[in-house]
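Residue numbers for the first sequence follow the working numbering, beginning at 5 and rising by one.
The beta-carbon is built from N, C-alpha and C at its ideal position, and this holds for glycine as well.
Computed from a predicted model, the values in this text were never measured in an experiment.
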Amino acid sequence: MVKITFPDGTVREYEAGVTGLEIAKSISPRLAKEVLSISVNDETWDISRAITSDASIKLYKWEDEEGKHAFWHSSAHLMAEALEALYPGMKFGIGPSIENGFYYDVDPGDGVVIRDADMPKIEAKMKELARLKNAYQRSEVSKAEALSYFTEKNDEYKLELINELEDGTITFYKQGEFTDLCRGPHLPSTSAIKAVKVLSIAGAYWRGDEKRKQLTRIYAITFPKQKMLEECLVKLEEAQKRDHRKIGKELELFAFSQNVGQGLPLWLPKGAMLRERLENFLKKVQRKYGYVPVITPHIGNKQLYVTSGHYAKYGEDSFQPINTPAEGEEFLLKPMNCPHHCEIFKTKPVSYRDLPIRMAEFGTVYRYEQSGELHGLTRVRGFTQDDAHIFCRPDQLKDEFKKVIDIIQYIFKALDFKDYIVQVSLRDKENHEKYIGTEENWEKAESAIIEACDERGMNTIVEYGEAAFYGPKLDFMVRDAIGRKWQLGTIQVDYNLPERFELEYMGSDGVKHRPVMIHRAPFGSMERFVAVLIEHTAGKFPLWLTPEQVVVLPISEKYNEYAEKVSNVLNNSDIRSVLDDRNEKIGRKIRDNELKRIPFLLIVGEKEAETNTVSVRKQGDGDKGAMTIEEFSAFINNEVEEQLSSIDK
RNA sequence: GCCGAUGUAGCUCAGGGGUAGAGCGUUUCCUUGGUAAGGAAGAGGUCAUGGGUUCAAUUCCCAUCAUUGGCUCCA
Numbered sequence: 005m006v007k008i009t010f011p012d013g014t015v016r017e018y019e020a021g022v023t024g025l026e027i028a029k030s031i032s033p034r035l036a037k038e039v040l041s042i043s044v045n046d047e048t049w050d051i052s053r054a055i056t057s058d059a060s061i062k063l064y065k066w067e068d069e070e071g072k073h074a075f076w077h078s079s080a081h082l083m084a085e086a087l088e089a090l091y092p093g094m095k096f097g098i099g100p101s102i103e104n105g106f107y108y109d110v111d112p113g114d115g116v117v118i119r120d121a122d123m124p125k126i127e128a129k130m131k132e133l134a135r136l137k138n139a140y141q142r143s144e145v146s147k148a149e150a151l152s153y154f155t156e157k158n159d160e161y162k163l164e165l166i167n168e169l170e171d172g173t174i175t176f177y178k179q180g181e182f183t184d185l186c187r188g189p190h191l192p193s194t195s196a197i198k199a200v201k202v203l204s205i206a207g208a209y210w211r212g213d214e215k216r217k218q219l220t221r222i223y224a225i226t227f228p229k230q231k232m233l234e235e236c237l238v239k240l241e242e243a244q245k246r247d248h249r250k251i252g253k254e255l256e257l258f259a260f261s262q263n264v265g266q267g268l269p270l271w272l273p274k275g276a277m278l279r280e281r282l283e284n285f286l287k288k289v290q291r292k293y294g295y296v297p298v299i300t301p302h303i304g305n306k307q308l309y310v311t312s313g314h315y316a317k318y319g320e321d322s323f324q325p326i327n328t329p330a331e332g333e334e335f336l337l338k339p340m341n342c343p344h345h346c347e348i349f350k351t352k353p354v355s356y357r358d359l360p361i362r363m364a365e366f367g368t369v370y371r372y373e374q375s376g377e378l379h380g381l382t383r384v385r386g387f388t389q390d391d392a393h394i395f396c397r398p399d400q401l402k403d404e405f406k407k408v409i410d411i412i413q414y415i416f417k418a419l420d421f422k423d424y425i426v427q428v429s430l431r432d433k434e435n436h437e438k439y440i441g442t443e444e445n446w447e448k449a450e451s452a453i454i455e456a457c458d459e460r461g462m463n464t465i466v467e468y469g470e471a472a473f474y475g476p477k478l479d480f481m482v483r484d485a486i487g488r489k490w491q492l493g494t495i496q497v498d499y500n501l502p503e504r505f506e507l508e509y510m511g512s513d514g515v516k517h518r519p520v521m522i523h524r525a526p527f528g529s530m531e532r533f534v535a536v537l538i539e540h541t542a543g544k545f546p547l548w549l550t551p552e553q554v555v556v557l558p559i560s561e562k563y564n565e566y567a568e569k570v571s572n573v574l575n576n577s578d579i580r581s582v583l584d585d586r587n588e589k590i591g592r593k594i595r596d597n598e599l600k601r602i603p604f605l606l607i608v609g610e611k612e613a614e615t616n617t618v619s620v621r622k623q624g625d626g627d628k629g630a631m632t633i634e635e636f637s638a639f640i641n642n643e644v645e646e647q648l649s650s651i652d653k
């Protein structure tokens, strides 16, 4: 007998060799139907694997990440089996489960290309194989056996993986005709896989290394029920409707032109209005925090970036230098603002009493991003950073850092970004070539960030190797509509640029000292921030931000004059109002303006003109009754006021 | 940059070896209306660009450019 301890602490006895599935059966038939994997002493196992000694266990269902993982990982093997059947001789890389489904990286052999058009074929084969209800059979193999199996199969990718494993830890899983190197766990059989969708096909470098061969990555998702697949597809479709590229076009916020160049966004009037309001909002916050505005040119002498170290690191990712024919000087379109700000710091002697100096600039920068990386407004070649550099004394660093955290959290709260990830990006200690500066300064910078986060009680994740080349960062990441993570706000501690630019201040001791720099951008880039904002709000911006707050709709042409008067009165009291005097019926005007996500529609006809009132219609909420123009104007201004003041609470 | 996909009217898209279609929008006219699409008529396209195959290419092939799903990169 073995003693099995459950998560709630209860202990039950079972025959030695009992499986997870049998334990589930002993609890309830329903659980037995739903259980997908099990953890045995914190190791995840197949539910069909025999437990031979006392253990603490936890059973996982679809609702648990571990359960989904087993399901999708098993599905990846099923897909591999299907691919092997369809493309004999195919070689396999890795096939993990991911957040939403799974993929398999495969090498179909020279000259064989798997195209989008092949996706239905793969899907059909997977369904056909799943119906065979083959069991996933686990076996422990020696390294020699493992190597010989894949040597026979001529699969160099698997051989590479096996060579990195230790003998005695290697397991194979086999279902039907397909055997794979795998740690598991897997489902008992393929029978649970009822719904299959191959989602996309893409290239992916073997082991993520662009110098190595590019394999074909096939993304797919599976479910235990057909209905779940349908729901998932509907969700994907809904998410696509929030795509900022689509809404940006619909609402006339921004555009791209081939004649201007790829990755160079054009802000249309409404988008520019939105962005301007965001900028003004941040400027106001920054004034409160003691920032001073600076303005620097769009180009700078190449030497500036050689000094900063950016040129050595990113010279190739910059637009090529502009030459002055007479002097033969080289200028770069500025890829970042910090060197310019360092030069501002140097314009006069600085005393320790002057610090911290907080220089802020909405600085437009240009980077020659790889063409395959460009994406709507989230990844562009010309963008505006809400940049600032704080020059401070070492003893002020942590406090300044915390204040920047406060600003970013304030901004995110104001725009209702609740789900964000705060990432501490540290250096990869193994990889010295990636970074500049002394060990000592890196230690200081990294601990300053970690301590500041602790003192602000922040929930952070730590990533090694994600630091900037000159210093560690704290990054605020937000997901877009289709689940991709984007870095928005960022705070970076930098001991290196002050060194390179020989920045100094006079200390209280009468000796010159080196200041520390904090680079920070709460929005990150205006372009990316607006993109994510569009996707979060689906284009329904908060009243205080939206380019058009009110549209006045006359019932017929007879009331155009009154409607225009209403609109003018509102505009004069700082409400952004426009007139829709098209020759259309009222129903049509309401529909069109609702689709444009206008927060308030004012319907005016005979009644309203006689009584100096407006009929108010709130977006998505229908008729709200009549008000006088003054009442409405006060109401809107009050709403805006309240929205903004509620952020402070 | 690499692998795949896409490129037809302002927008969303259909079509297909014999030089093109729908819906929406736009223009004009009719209509003057009460809370999510009033009616009619018209304009609008070197079918991304450049080559090739063919009697004939927007359609097939190749290249380029742009967009796009990923990979790599991201100061």
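Apart from the five residues on each side of it in sequence, which residues of its chain come closer than 6 Å, Cβ to Cβ, to M462? Counting from 1 along the first sequence, the entry for residue 462 is found at position 458. V426, listed in sequence order.
Distance between beta carbons of V39 and I55, contact taken as under 8 Å: The count along the first sequence starts at 1 and reaches residue 55 at position 51. The count along the first sequence starts at 1 and reaches residue 39 at position 35. Contact flag wrong, Cβ pair sits at about 14 Å.
Limits of the unbroken alpha helix (DSSP H) element including A613: In the first sequence, residue 613 corresponds to position 609, counting from 1. From DSSP, the alpha helix (DSSP H) with A613 extends over E610 to T615.
Among all the DSSP beta bridges, which residues are the ones paired with C396? Numbered from 1 along the first sequence, position 392 holds the residue referred to as residue 396. V520.
Taking the alpha-carbon of N341 as reference, which of F10, I98, K422 and L501 has the nearest alpha-carbon? Taking the first sequence and counting its residues from 1, one reaches residue 341 at position 337. Nearest of F10, I98, K422 and L501 to N341, Cα basis: L501.
Who are the Cβ neighbours of E256 in its own chain at under 7 Å, not counting the five residues just before and after it? Counting from one through the first sequence, the residue named residue 256 turns up at place 252. Cβ neighbours of E256 beyond the five flanking positions: L272 and K274.
Is it a yes or a no for the region 492 to 507 touching the region 430 to 442, going by three-plus beta-carbon pairs under 8 Å? yes
From L270, K198 and T220, residue whose alpha carbon lies closest to that of V117: What you label residue 117 is simply residue 113 of the first sequence in a count that begins at 1. The residue with the shortest Cα to Cα distance from V117 is T220.
Hey, V1 and T382: beta-carbon distance below 7 Å or not? Residue numbering for the chain in the displayed model covers 5 to 653; residue 1 lies beyond these limits and cannot be assessed.
Go ahead and pull the three-state DSSP assignment for I594. Position 590 of the first sequence, counted from the first residue, corresponds to residue 594. If DSSP states are grouped into helix, strand and coil, I594 belongs with the helices.
Bridge partners - S193, DSSP secondary structure assignment: Position 189 of the first sequence, counted from the start, is the residue given in the question as residue 193. The partner list for S193 (beta bridge, DSSP) reads A139.
Taking the DSSP output, what are the residues bridged to S512? In the first sequence, residue 512 corresponds to position 508, counting from 1. Paired residues: none, contrary to the question.
What is the rounded straight-line gap between the Cα of K338 and the Cα of N587? Position 334 of the first sequence, counted from the start, is the residue given in the question as residue 338. Position 583 of the first sequence, counted from the start, is the residue given in the question as residue 587. Whole-angstrom Cα-Cα distance: 50 Å.
Checking 7 Å against the spacing of the C-beta atoms, do P124 and Y91 come in under that value? For the purposes of this step, residue 124 is taken as residue 120 along the first sequence, with counting starting at 1. For the purposes of this step, residue 91 is taken as residue 87 along the first sequence, with counting starting at 1. No, Cβ-Cβ distance for P124 and Y91 is not below 7 Å.
Taking 7 Å as the threshold (C-beta atoms), are L163 and F349 in contact? If you number the first sequence from 1, residue 349 lands on position 345. If you number the first sequence from 1, residue 163 lands on position 159. No, they are not a contact pair.
Residue ranges of each alpha helix (DSSP H) within the region 213 to 266, 4 or longer: 230 to 245 and 248 to 254
Is the region 403 to 421 touching the region 441 to 457, taking contact as three or more C-beta pairs under 8 Å? yes
DSSP-derived helix/strand/coil call for R362: Position 358 of the first sequence, counted from the start, is the residue given in the question as residue 362. Three-state DSSP puts R362 in a strand.
Using beta-carbon positions only, say whether N597 and L606 come within less than 7 Å of one another. Your numbering for residue 597 matches position 593 in the first sequence. Your numbering for residue 606 matches position 602 in the first sequence. No, they are not a contact pair.
Could you tell me which residues DSSP pairs with Y468 in its beta bridges? Indexing the first sequence from 1 puts residue 468 at position 464. For Y468, which the question treats as bridged, DSSP gives the partners L430.
Is the Cβ-Cβ distance between S78 and H190 less than 7 Å? Counted from its first residue, the first sequence places residue 78 at position 74. Counted from its first residue, the first sequence places residue 190 at position 186. For S78 and H190, yes; Cβs fall inside 7 Å.
Using only CA atoms, which one of K544, V608 and S152 lies nearest to S571? Stepping through the first sequence from its first residue, residue 571 is reached at position 567. Comparing Cα positions, the closest option is V608.
With 16 other Cβ atoms within 10 Å as the buried cut-off, status of Q389: Translated into positions along the first sequence, residue 389 becomes position 385. That one is buried.
Helix, strand or coil for D111? Go by DSSP, reduced to three states. For the purposes of this step, residue 111 is taken as the residue at position 107 of the first sequence. Note: D111 maps to strand in three-state DSSP.
Restricting to runs no shorter than 4 residues, where is the alpha helix (DSSP H) found entirely within the region 6 to 58? 24 to 31 and 33 to 38
What is the residue span of the beta strand (DSSP E) that N305 lies within? One-based indexing of the first sequence puts residue 305 at position 301. Unbroken beta strand (DSSP E) run through N305: I303 to N305.
If you measure between the beta carbons of P551 and M277, is that distance less than 7 Å? Residue numbering aside, residue 551 sits at position 547 when the first sequence is read from its first letter. Residue numbering aside, residue 277 sits at position 273 when the first sequence is read from its first letter. Yes, the Cβ-Cβ distance between P551 and M277 is below 7 Å.
Excluding the 5 residues flanking Y474 on each side, which residues of the same chain have their C-beta closer than 7 Å to its C-beta? The count along the first sequence starts at 1 and reaches residue 474 at position 470. Same-chain partners within the cutoff: G313, I440, G441, D498, N500 and L501.
Counting C-beta neighbours from all protein chains within 10 Å, is the total for H393 16 or more, i.e. buried, or is it exposed? The residue given as residue 393 occupies position 389 in the first sequence. It is buried - the Cβ of H393 has at least 16 other Cβ atoms within 10 Å.
Assign A74 to buried or exposed, taking buried as 16 or more other Cβ atoms, counted over all protein chains shown, within 10 Å of its Cβ. In the first sequence, residue 74 corresponds to position 70, counting from 1. Flag for A74 reads buried.
According to DSSP, is N435 helix, strand or coil? By one-based count along the first sequence, residue 435 stands at place 431. Correct three-state label for N435: coil.
May I have the straight-line CA-CA distance separating I51 from I205, to the nearest angstrom? For the purposes of this step, residue 51 is identified with residue 47 of the first sequence, where counting begins at 1. For the purposes of this step, residue 205 is identified with residue 201 of the first sequence, where counting begins at 1. Those two C-alpha atoms are separated by around 32 Å.
For the structure I just gave you, are there three or more beta carbon pairs, one from the region 576 to 585 and one from the region 622 to 630, closer than 8 Å? no
7 Å Cβ cutoff met for D484 and E539: For the purposes of this step, residue 484 is identified with residue 480 of the first sequence, where counting begins at 1. For the purposes of this step, residue 539 is identified with residue 535 of the first sequence, where counting begins at 1. Yes. Within cutoff.
Please report how far the alpha carbon of V3 lies from the alpha carbon of T175, in whole angstroms. Absent from the model: residue 3. The displayed extent of the chain is 5 to 653, so no value can be given.
6 Å CB neighbourhood of R524 in its chain, flanking five on each side removed: Start at 1 with the first residue of the first sequence, and residue 524 comes out as number 520. If we look at R524 and ignore the five residues flanking it on each side, its Cβ neighbours are A392, V408 and I495.
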